[in-house]
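Colleague: First the structure, then my questions, so here it is.
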Amino acid sequence: MGMTIAEKIIACAAGKTEVHAGDIETVTLDRLMSNDGTTHLTIDMFNNKIKHPRIADTSKLVWIVDHNIPADSPKTAASQKKMRDFAREHGITFYEGEGVCHQVMMENHVRPGELIFGADSHTCAYGALGAFGTGVGCTDYLYAMVTGTSWLLVPETIRFNLTGKLPEGVYARDLILTIIGKISANGANYRAMEFAGEGLHTLTMADRISICNLCVEAGAKTALMEVDDVAMEYLTAHGRTPKATFASDPDAVFAETYDIDLSTIRPIVAKPHFVDNVVPADECLGVKIDEAFLGSCNNGRIEDLRVGAAVIKGKKVAPKVRFLVVPASRSVYKQAMEEGLLDIFMESGAIVMNPNCSVCWGACQGVIGEGETLISTGTRNFKGRAGHKDSFVYLASAATVTASAVAGEIMTADKL
Amino acid sequence: MENTFTAKIWVLGDDIDTDIILPTEYLALKTVEDMKPYAFSPLRPELAGLIQPGDMIVAGKNFGCGSSREQAPEVVKALGISCVVAKSYARIFFRNAINNGLLLIENADLYDEVTEGGTAEVTPGKDIIYNGKTYEIASLPANLMEILNAGGLVKAMRKRNGLD
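Chains as they are written, first to last, in our numbering: chain A, 413 to 828; chain C, 103 to 266.
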């Protein structure tokens, strides 16, 4: 009986030749990522709840401060100090100020075929490189850190066969929002979302990360893509080699299959307060905004900044609108600087921030007030996600967000 | 967990996300006790103050969707909620709840037929009786029951290793 990519990676991590959806397997993790959102809780449990605290394999741990950096209160400073001191004491790979955790992981650590736990829901982004990344809480993380293992229910897979090419002015963000709208916010719950087909080869790594990253908003346990030349080129350029590259067998069993022609996708907006509350962007034209955000692990890469800069070049951010631009990592920031993109943003009146989760996390930068409206390339638009409980978040592509910043109301780039 | 208990019902909707269960701005509070008053505050600011230990929550689909923040199930547990009955759960929340000893029950029908303020009789692994009607519920797999019965993953490990 054939296996899916998800089944192959779990079989490999469980030391078996074959596993299938529905099996519960004990797996050895390849990598364990944690950020400042919850690492302090893991450390407290490690220090206080375990009789013989130890780390199974320190070399597998990667800790990243990205949610509240630079620290914005004595509380977050204390929590980050705890993390920094513990990482130093135990020799854990540690980043702060380098960027949003998933971008840092993609640039420096993720390898095809790996099984990775991340104490962050958007860990499914790693599927862009053919790795099984899945989000866990701090207790699961602690268990994996101490034992090197965990249990996993082998997920069913929903397969997306991609054909064609995205039209000019339409982006990966529009594609994944369209898919989430189609299958709903729990349409992939407990399941893996797998992307394959000739259309996949037309997508850049930035596109792929954006797609996989958002799959958790459909409930997915993980997202996976076949590793092709584009993925291998990225991996090689970043000095890494695969653990293994997998594709689903021709006789693998999929729970559902969707055929998606990329050329049919159009600009999309997710309206408050759910990611699956999507409509064609045209239906939101004219909605007044107070703030626009270009950044996050979903859309803060150099490709996204190029799109935004091309839209806003020579124009100004609308009066009374804040436009926050936040590169996803230090390397993205530097490249944007070298390409002159940051100049374009700053001349337009945008606020350019250091790499971090920023507005998407709703606690550190660019928090919005009562009754305010944000258009964002962030990951979520839940009620209160970006600040006050009575505020409104719309999600869209880098192009639509930037065009809206200029117009002061929701606007697509082609109509600006 | 075989013991039957009676619980007062609070009803929430579909897609109750982790930012509703506990908004980001309260995550930095020092203890889960400090966080308790803010549970569900974006949706129903008064709710946390009204919930009594032993009460239960009944909700629609996709309960706990969103972030991996473990403070979400922790705060629900800390409020004294005896169990959550929902049509379905988001998977990270599901694991986190079990790991914190919070009983989650999946049932497709109860939510559509229940009224807030009523009471239900819950026998974990067997059924829920509400308004004279019996709703059968499945038992969790053995590895999860071990964790749940111990009161969470860390406690289960301590028990397994003879520490408690």
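Glycine is no exception: its CB is placed at the ideal position from the N, C-alpha and C atoms. Computed from a prediction, not measured in an experiment: that's the story for all the values here.
#1: Enumerate in chain order the residues of its own chain whose CB-to-CB distance from A:V813 is below 6 Å, with the five nearest sequence positions on each side excluded.
#2: Can we say the stretch 474-489 of chain A touches the stretch 723-736 of chain A, given the rule of at least three CB pairs closer than 8 Å?
#3: Going by CA-CA distance only, name the one from A:C769, A:E750, A:A649 and A:I421 that's closest to A:H432.
#4: Quick one: any contact between the stretch 664-680 of chain A and the stretch 569-579 of chain A, if contact means 3 or more CB pairs under 8 Å?
#5: Along the stretch 533-551 of chain A, what residues have a CB closer than 7 Å to any CB found in chain C?
#6: Quick one: which chain A residues come within Cβ less than 8 Å of C:A192?
#7: Would you mind working out which of A:N480, A:E519 and A:G796 sits nearest A:P684, comparing C-alpha positions?
#8: Please name the residue in A:D435, A:Q515, A:N460 and A:T440 whose C-alpha comes closest to that of A:N768.
#9: Under 8 Å between beta-carbons, which chain A residues line up against C:G168? List them in chain order, please.
#10: Which residues in chain A have a C-beta closer than 7 Å to the C-beta of C:L212? List them in chain order.
#11: Taking C:K110 as part of the beta strand (DSSP E), name the residues at either end of that continuous run.
#12: Just to confirm before moving on: does the CB-CB distance between C:E215 and A:A775 stay below 8 Å?
#13: How far does the alpha helix (DSSP H) with A:I756 in it extend, from its first residue to its last?
#14: Where A:L574 and A:M517 are concerned, what is the direct C-alpha to C-alpha distance, given to the nearest angstrom?
#15: Less than 8 Å between the C-beta atoms of A:L717 and A:Y553, yes or no?
#16: Examine the Cβ distances between the stretch 175-194 of chain C and the stretch 152-163 of chain C and report whether three or more of them are shorter than 8 Å.
#17: By the DSSP assignment, the beta strand (DSSP E) with A:E606 in it spans what residues?
#18: Using the beta-carbon of each residue, which ones in chain C are nearer than 8 Å to A:K461?
#19: When the Cα atoms are used, what is the spatial distance from A:A556 to A:S562?
#20: Could you check how far apart the C-beta atoms of A:I455 and A:F506 are, in whole angstroms? I think they sit under 8 Å.
#21: Given a threshold of 16 other Cβ atoms within 10 Å of its Cβ, counted over all protein chains shown, does C:M137 qualify as buried or as exposed?
#22: Within 10 angstroms of the Cβ of C:P175, are there 16 or more other Cβ atoms? Answer buried if so, exposed if not.
#23: Helix, strand or coil: how does DSSP classify C:M103 here?
#24: For a test of the three-state rule: what should DSSP assign to A:P486, helix, strand or coil?
#25: Using 8 Å as the threshold, is the C-beta distance between A:V582 and A:C709 below it?
#26: Taking its Cβ as the centre, do 16 or more other Cβ atoms sit within 10 Å of C:A179, making it buried, or is it exposed?
#27: Go ahead and label A:E784 buried or exposed: buried means 16 or more other beta carbons lie within 10 angstroms of its beta carbon, across all protein chains shown.
#28: Please tell me whether A:K725 and A:I701 are closer than 8 Å, where the distance is taken between their beta carbons.
#29: Within its chain, find whatever has a CB closer than 7 Å to the CB of A:G539; leave out the 5 residues flanking it on each side and keep chain order.
#30: What is the rounded straight-line gap between the Cα of A:E759 and the Cα of A:S741?
#31: What in chain A is Cβ-close to C:D117, meaning under 8 Å?
#32: If we ignore side chains and look at the alpha-carbon of each, how far apart do C:M247 and A:K463 end up?
#33: Return no unless some Cβ of chain A is closer than 8 Å to the Cβ of C:R146.
#34: Check C:L205 in the structure and name its three-state DSSP category.
#35: Quick check: what's the CA-CA separation for C:M103 versus C:A210?
Modeller: Quick answer:
#1: Counted from its first residue, the first sequence places residue 813 of chain A at position 401. A704, L706, I787 and T789.
#2: no
#3: By 1-based counting over the first sequence, the position of residue 432 of chain A is 20. Its Cα nearest to that of A:H432, the residue A:I421 stands out among A:C769, A:E750, A:A649 and A:I421.
#4: yes
#5: S533, G547, V548, G549, C550 and T551
#6: As a first step, residue 192 of chain C is located in the second sequence; it is residue number 90 there, counting from the start. The contacting residues are N598, N601 and G631.
#7: Residue 684 of chain A sits at position 272 when you count from the first residue of the first sequence. With respect to the C-alpha of A:P684, the residue from A:N480, A:E519 and A:G796 having the closest C-alpha is A:G796.
#8: For the purposes of this step, residue 768 of chain A is identified with residue 356 of the first sequence, where counting begins at 1. Checking every option, the nearest Cα to that of A:N768 belongs to A:Q515.
#9: By 1-based counting over the second sequence, the position of residue 168 of chain C is 66. Simply S533, R792 and F794.
#10: Here residue 212 of chain C refers to the residue found at position 110 when the second sequence is read from its first residue. Here the premise fails: no neighbours, minimum Cβ distance about 18 Å.
#11: Position 8 of the second sequence, counted from the first residue, corresponds to residue 110 of chain C. Per DSSP, C:K110 belongs to the beta strand (DSSP E) from F107 to V113.
#12: Translated into the one-based positions of the second sequence, residue 215 of chain C becomes position 113. Translated into the one-based positions of the first sequence, residue 775 of chain A becomes position 363. It is not a contact, given that the beta carbons lie outside the stated cut-off.
#13: Within the first sequence, numbered from 1, the residue matching residue 756 of chain A stands at position 344. Note, A:I756: alpha helix (DSSP H), L753 to S760.
#14: In the first sequence, the residue the question calls residue 574 of chain A occupies position 162. In the first sequence, the residue the question calls residue 517 of chain A occupies position 105. Roughly 26 Å between the two C-alpha positions.
#15: Working through the first sequence from its first residue, we reach residue 717 of chain A at position 305. Working through the first sequence from its first residue, we reach residue 553 of chain A at position 141. No. Outside cutoff.
#16: yes
#17: Position 194 of the first sequence, counted from the start, is the residue given in the question as residue 606 of chain A. Going by DSSP, A:E606 is part of the beta strand (DSSP E) stretching over A604 to A608.
#18: Taking the first residue of the first sequence as position 1, residue 461 of chain A is located at position 49. Those are V256 and R260, listed as they occur along chain C.
#19: Position 144 of the first sequence holds residue 556 of chain A. Position 150 of the first sequence holds residue 562 of chain A. Roughly 6 Å between the two C-alpha positions.
#20: The residue labelled residue 455 of chain A in the question sits at position 43 within the first sequence. The residue labelled residue 506 of chain A in the question sits at position 94 within the first sequence. 13 Å between Cβ atoms; not a contact.
#21: What you label residue 137 of chain C is simply residue 35 of the second sequence in a count that begins at 1. Answer is buried; the Cβ neighbour count reaches 16.
#22: Locating residue 175 of chain C in the second sequence gives position 73, where the first residue counts as 1. It is buried - the Cβ of C:P175 has at least 16 other Cβ atoms within 10 Å.
#23: In the second sequence, counting from the first residue as 1, residue 103 of chain C sits at position 1. Legend: pLDDT at C:M103 = 45, less than 50; position of this residue unreliable, no value from coordinates given.
#24: Within the first sequence, numbered from 1, the residue matching residue 486 of chain A stands at position 74. In the structure shown, A:P486 sits in a helix (DSSP, three-state: H, G or I).
#25: Working through the first sequence from its first residue, we reach residue 582 of chain A at position 170. Working through the first sequence from its first residue, we reach residue 709 of chain A at position 297. No; because the gap between Cβ atoms is not below 8 Å, this pair is not in contact.
#26: Counting from one through the second sequence, the residue named residue 179 of chain C turns up at place 77. Note on residue identity: the sequence assigns Lys, not Ala, to residue 179 of chain C. Label assigned to C:K179: buried.
#27: One-based indexing of the first sequence puts residue 784 of chain A at position 372. Its Cβ being crowded by 16 or more others within 10 Å, A:E784 is buried.
#28: By one-based count along the first sequence, residue 725 of chain A stands at place 313. By one-based count along the first sequence, residue 701 of chain A stands at place 289. For A:K725 and A:I701, no; Cβs fall outside 8 Å.
#29: The residue given as residue 539 of chain A occupies position 127 in the first sequence. These residues qualify, in order along the chain: G545, C624, T634, A635, L636 and M637.
#30: Counted from its first residue, the first sequence places residue 759 of chain A at position 347. Counted from its first residue, the first sequence places residue 741 of chain A at position 329. Approximately 22 Å between the Cα atoms of the pair.
#31: In the second sequence, residue 117 of chain C corresponds to position 15, counting from 1. Near C:D117 (Cβ distances below 8 Å), the residues of chain A are A597, N598 and F686.
#32: In the second sequence, residue 247 of chain C corresponds to position 145, counting from 1. In the first sequence, residue 463 of chain A corresponds to position 51, counting from 1. Spanning the two alpha carbons is a distance of roughly 23 Å.
#33: If you number the second sequence from 1, residue 146 of chain C lands on position 44. Cβ-Cβ to chain A under 8 Å: no for C:R146.
#34: Numbered from 1 along the second sequence, position 103 holds the residue referred to as residue 205 of chain C. Coil at C:L205, not helix or strand.
#35: Along the second sequence, one-based indexing puts residue 103 of chain C at 1. Along the second sequence, one-based indexing puts residue 210 of chain C at 108. At C:M103 the pLDDT is 45, less than 50, meaning the model places this residue with poor confidence and gives no usable figure here.
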